[in-house]
Amino acid sequence: MKKIFLIVFMFGLLGIGSVYAQEFTLKSKDLSGQLTENQVFSGFGCHGKNISPSLKWINAPKNTKSFAVTVYDPDAPTGSGWWHWIIFNISHNINELKADAGNPQQGLAPKGSIQSVTDFGKPEFGGACPPKGDKPHRYIFTVYALNVANLDLDERAQPAMVGFFINQHTIAKSSLIAYYGR
5 MKKIFLIVFM
15 FGLLGIGSVY
25 AQEFTLKSKD
35 LSGQLTENQV
45 FSGFGCHGKN
55 ISPSLKWINA
65 PKNTKSFAVT
75 VYDPDAPTGS
85 GWWHWIIFNI
95 SHNINELKAD
105 AGNPQQGLAP
115 KGSIQSVTDF
125 GKPEFGGACP
135 PKGDKPHRYI
145 FTVYALNVAN
155 LDLDERAQPA
165 MVGFFINQHT
175 IAKSSLIAYY
185 GR
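Rendered as structure tokens:
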């Protein structure tokens with residue numbers, strides 16, 4: 005009886021391990037613990053390059069119909085945080101965004117995707133620029149696997165509206181957090 009229990013227990017652990025090995029995961033070769041000058045805004049007293057980082061995701065759920073990506077700063081002194089980037093209607097067969105995909109003039113965003121208005125007032129990536137002397141802010145990069153092929157929104161959609169629709173259709177999500185202070 006002890007041998008049977010031990011064998012079942014070991015197979016159970018192996019099964020659990022394989023489930024965890026297949027988790028939906030967001031990665032970036034451009035991000036580590038701190039944002040660099042590349043991801044810092046150019047304006048508001050900040051002197052960065054305003055380049056969205058490359059992002060890649062793996063192990064999306066099989067029933068994913070599209071993806072959305074957001075960048076959010078919950079530490080902005082606004083009472084509601086600050087949305088730095090929102091891109092959605094990314095096809096289910098895409099699993100990465102190239103560096104600077106957040107700049108519409110570069111044409112690097114996936115075909116058919118939509119970048120909507122951020123708190124900077126434009127439909128594009130806006131880098132970090134926390135107030136001088138403030139504690140380092142968290143910048144949360146999140147990819148969402150969605151159960152719909154498209155969100156019925158356009159580039160004028162406000163961050164809260166896009167967030168509402170993303171949350172209504174999320175089947176999985178994965179995030180990276182990087183910090184920046186000045």
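So the sequence shown is numbered by the numbering used here: it starts at 5 and just counts up by one.
Cβ atoms here follow ideal geometry from the backbone N, Cα and C, with glycine treated the same way.
Predicted, not measured: the structure shown is a model, and the values here were computed from it.
Span separating the alpha-carbon of residue i from that of residue j
i: TRP61; j: PHE129; result: 19 Å
i: ILE175; j: ASP156; result: 18 Å
i: ASP104; j: GLN110; result: 7 Å
i: VAL23; j: LYS177; result: With a pLDDT of 43 at VAL23, under the threshold of 50, the predicted position of this residue should be treated as unreliable, though the coordinate-derived value follows. Their Cα atoms are separated by approximately 16 Å.
i: CYS133; j: PHE48; result: 7 Å
i: GLY125; j: GLN26; result: 37 Å
i: ALA161; j: GLY85; result: 17 Å
i: LEU101; j: PRO108; result: 13 Å
The ligand FAD heavy atom lying under 7 Å from the CB of residue i
i: ALA103; result: For the ligand FAD, the structure offers nothing, since it holds no ligand at all.
Residue i in three-state terms, based on DSSP
i: VAL152; result: coil
i: PHE92; result: strand
i: ILE181; result: strand
i: ALA164; result: helix
i: PHE124; result: coil
i: ILE144; result: strand
i: ILE98; result: coil
Short CB-CB distance (under 8 Å) between residue i and chain C
i: ALA64; result: Absent here is chain C; the protein component of the structure consists of one chain.
Own chain, CB closer than 6 Å to residue i, minus 5 neighbours either side, in chain order
i: ILE91; result: VAL73, SER117, GLN119
i: GLY106; result: SER56, TRP89, GLU128, PHE129
i: ARG186; result: LYS136
i: PHE169; result: LEU155
i: ASN54; result: PHE45, SER46, GLY131
i: GLY52; result: GLU41, VAL44, PHE45, SER46, GLY131
i: ALA153; result: LYS69, SER70
Own chain, CB closer than 7 Å to residue i, minus 5 neighbours either side, in chain order
i: ASN151; result: ASN67, LYS69, HIS173, ILE175
i: SER179; result: LEU30, ILE144, PHE145, THR146
i: ARG142; result: ASP77, PRO78, ASP79, ILE181, TYR183
i: LYS33; result: SER58
i: SER95; result: SER70, PRO114, GLY116
i: ASN63; result: GLN26, GLU27, PHE28, THR29
| said: I'd like the ranges of any alpha helix (DSSP H) spanning at least 4 consecutive residues and lying wholly in the stretch 26-88. | reply: none
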